[in-house]
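First up is the structure itself, then whatever we jot down about it.
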Amino acid sequence: MSILITGGAGYIGSHTVVELLKKNFEVIVVDDFSNSKHEVLNRIKKITGKSFTFYEETLLNKEGLENIFKENNIEAVIHFAGYKAVGESVEKPLKYYRNNIIGTITLMELMNEYAVKNMVFSSSATVYGMNNVVPFKETMPLSTTNPYGTTKMFIEQILQDQSIADKDWSTALLRYFNPIGAHESGLIGEDPSEVPNNLMPYLTQVAVGKRAKLSVFGDTYKTPDGTGVRDYIHVVDLAKGHIQALEKVLHSTGIEAYNLGTGKGTSVLDLVRTFEKENGVDIPYEIVEPRAGDIASSYADVSKAKEELNWETKLTIDDMVRDSWNWQKNNPNGYE
Ligand code: WQD
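Number 1050 in my numbering belongs to position 164 of the sequence shown; there are no gaps in the numbering.
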């Protein structure tokens, strides 16, 4: 029996494939390389010494995707594939709704046709919106402020409705907080195809000399030092959370959401200073205007994942900044 990983060549997907192979799962990866590079596949094999099946395909091609179900004995799906740039989603909403939502519906229709009813879905803390108070709990009302976040909220709803329609479905909705860091080997890591939207990849590109300085988006928030507070989680801890969620869905039915975070908040300037101290690298920065749509604080209540998935984070902010730098300094141009 195999596990199908959509978007398995991506940042979180590739780290999860490494953990699955280490646990001796049979793995099939499907990826259209819209936000990833073929080289990742070689790096995964180098890290694990194991092989896996790969298909270059988009979820929007039902015929091509059906081939994967025909040719393999799939037991569960871990679904990462989707566009994820908040800013681009505001400019091109239809591109995001088509790719993320229609792609997921196509995948789910084939899962039903081939009686594959175990799903781990890559959701996001962005679904907690602007009106909840930290720490965010899974029971809180959801709302979104951009089409990217809305696709995540809609797909959660679609999976909820499918679970009501067919009691045999078993689903885990994983709400990621802020994934950063990289595998300790420095062979895989975050490699944005454009100018990085997210803090850590921009910061490491400043550190490696690709960018002149970091823009800190505002220092007048109601936070200890005025800069934005986020729950940064090491991508390897996050990947291990997927293994725990997969085990859960393989041995139960129904649908549950889980926060995957550390439960601790770190400000932008805290992260910058920790990076500088741990790596001995100066990060020039300038305080600029806040970014539209940003909230002051976001961090998780992590009790549900601890109780129900027997999972909690082990790696620290020091580990995260060290591993992010180790990846970037060994791969100044990413996977190019
Ligand atoms: C973190 C903090 C910024 C960049 C988003 C999505 C979420 C997920 C992760 C995809 C904030 C500040 C950032 C910079 C800065 N995306 N910042 N200068 O916005 O919490 O979450 O990315 O899965 O769904 O919403 O992450 O890394 O963009 O920002 O000062 O150049 O860093 O204001 O406080 P965010 P981020």
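Where is the CB? At the ideal position from N, CA and C, for every residue including glycine.
Look up residue i in the DSSP assignment and say whether it is helix, strand or coil.
i	result
I1181	coil
S888	strand
M1206	helix
T1031	coil
T939	strand
D1047	helix
I1074	coil
L1100	strand
Y1118	strand
G1095	coil
F1161	helix
F1022	strand
E1175	coil
E925	helix
E1133	helix
E912	strand
N1017	coil
S1138	coil
E1198	coil
T1223	Residue 1223 falls outside the range modelled here, since the chain spans only 887 to 1222, and no answer is possible.
Y1107	coil
Along the chain, where does the beta strand (DSSP E) that runs through residue i open and close?
i	result
R1061	1056-1062
V839	Lying outside 887 to 1222, the shown extent of the chain, residue 839 is not represented and no answer is given.
Using DSSP bridges, identify the partner residues of residue i.
i	result
I964	I891, V1006
Y1144	L1060
T1152	R1116
D917	E942
P1065	I1119
A1186	F1022
Need the endpoints of the alpha helix (DSSP H) that residue i sits in, please.
i	result
F955	948-957
M997	989-999
S975	972-977
Worksheet item: Is the region 1046-1065 close to the region 1097-1111, with three or more CB pairs under 8 Å?
Response: no
Practice prompt. Decide yes or no for the touch test of the region 1066-1083 against the region 1009-1026: beta carbon pairs closer than 8 Å, at least 3 of them.
Written response: no
Worksheet item: Counting Cβ pairs, one atom from each stretch, are 3 or more of them under 8 Å apart for the region 1129-1144 and the region 1079-1086?
Response: no
Worksheet entry | Touching by the beta-carbon criterion (3+ pairs, under 8 Å), the region 1043-1052 and the region 1098-1108 | Not touching, per the Cβ criterion.
Discussion item. Any contact between the region 977-995 and the region 921-936? By contact I mean 3 or more CB pairs, one from each, below 8 Å.
Written reply: no
Worksheet item: Is it a yes or a no for the region 1153-1162 touching the region 1185-1197, going by three-plus beta-carbon pairs under 8 Å?
Response: no
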